[in-house]
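Numbering (this note's numbering), first residue to last: 1 to 408.
What follows is the structure, encoded as structure tokens:
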């Protein structure tokens, strides 16, 4: 008979992680292009930074749109369309001559395209696993961290070799060359491959329609917790390097700490998923959110380089560890049929938190001349996320279902 064949669900997870890596890496590369664009085009940093806010809004709307579409048409087609649009947005961004064109190409097109990846692909991954689902979702989520680590240095190297236009053109071509073929291996559910989900068939629960999801109190409990979590950590992440240099830490050291934090977030994502499989989603989420809030407030007191690195590592583990858990709790509560729309909706609300947190950090600094207000406010919102997560209730089983006898 030979060796056991690889369970195809892991192929779906691997392909999803690669697509998320390229998509999110391209989105985050804007930070690398900010200074070269400002220098060559004469645009203010604030004006270019507002493209990032538009990215998050477009990505959030895209997550809900593409997520709902994937429930109806399947995720493979959605990922393909997103890959084609992402490449187009990046290639067109390399040709812009006016700021409004960058808003359309990078702000809207790239943001909306990337929305086709994380929420729909995460939703699909959950269909392949009843056992080890936390690990599967965490591995898809880890594509975000890998993407930031891989694409940002590539963007920097290409910009140094040629300029930002060539860099955007190459990354756009890479998006087409990688995402389009990889999307073709995605399969929606195990039955397409004549297989069953790892761990067997999921237990039956109530089936929701998409509009019922939006009316359910539990949807808003999950979405608002995710919003508060993202609003709490996005400012400290976005302003980490600037805050460190304000404390007298060298620019290169601060940038390296930022990279280390991104790397430790990958460890956190996988660890959080594995822990959720072992001890449950809610206890893992509460512990991660509490750790995140504690790390944020410590930024107010750390001046030493060694401590700053240690803090960056633990902060990365904390914010990374909680990120896959929102998809797991959404799947647990709302089931498989509307998972794309349900998690797309949760993710839409969370991206608003990411955008607002990043923007508010800069606004507070301009207003008060210090990041103390950012870290104090982020801690308070992080503590609120812990309180909101306490409200999570286990899903109610379907009333008509009674415990099944042992034999069928």
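Even for Gly, the Cβ is constructed at its ideal location relative to N, Cα and C.
As the structure is a prediction and not an experimental result, all values here were calculated from the model.
Looking at the secondary structure, which residues open and close the alpha helix (DSSP H) in which residue i lies?
i, result
"residue 48", "45 to 73"
"residue 421", "The requested residue 421 does not occur in the structure, where the chain is confined to residues 1 to 408."
"residue 365", "339 to 368"
"residue 220", "217 to 238"
"residue 322", "305 to 322"
"residue 28", "8 to 28"
"residue 302", "Unbroken run through residue 302: none, as it is neither H nor E."
"residue 179", "164 to 183"
"residue 331", "325 to 334"
Is residue j closer than 8 angstroms to residue i when the C-beta atoms are compared?
i, j, result
"residue 94", "residue 147", "no"
"residue 26", "residue 110", "yes"
"residue 63", "residue 308", "no"
"residue 466", "residue 353", "Any answer about residue 466 is impossible in this case: the structure gives the chain only from 1 up to 408."
"residue 125", "residue 140", "yes"
"residue 383", "residue 312", "no"
"residue 20", "residue 134", "no"
"residue 317", "residue 267", "yes"
"residue 60", "residue 351", "yes"
"residue 138", "residue 272", "yes"
"residue 305", "residue 249", "yes"
"residue 378", "residue 232", "yes"
"residue 145", "residue 320", "yes"
Where does residue i land, buried or exposed, given buried means 16+ other C-beta within 10 angstroms?
i, result
"residue 399", "The predicted model places residue 399 with a pLDDT of 43, which falls under 50 and marks its position as unreliable, so this point remains unresolved."
"residue 12", "buried"
"residue 24", "buried"
"residue 190", "buried"
"residue 2", "With a pLDDT of 44 at residue 2, under the threshold of 50, the predicted position of this residue should be treated as unreliable, and no value is reported."
"residue 236", "buried"
"residue 56", "buried"
Taking only three categories from DSSP, how would you classify residue i?
i, result
"residue 386", "helix"
"residue 116", "coil"
"residue 1", "Any reading at residue 1 needs caution, since the residue's pLDDT is 42, under 50, leaving its predicted position unreliable; the model's value is listed next. Three-state result, residue 1: coil."
"residue 248", "coil"
"residue 392", "coil"
"residue 97", "coil"
"residue 186", "coil"
"residue 414", "The structure shown does not extend to residue 414, since the chain spans only 1 to 408, so no value can be given for it."
"residue 76", "helix"
"residue 211", "helix"
"residue 375", "helix"
With DSSP as the reference, please indicate the residues paired to residue i in a beta bridge.
i, result
"residue 41", "For residue 41, which the question treats as bridged, DSSP gives no partner whatsoever."
"residue 198", "129"
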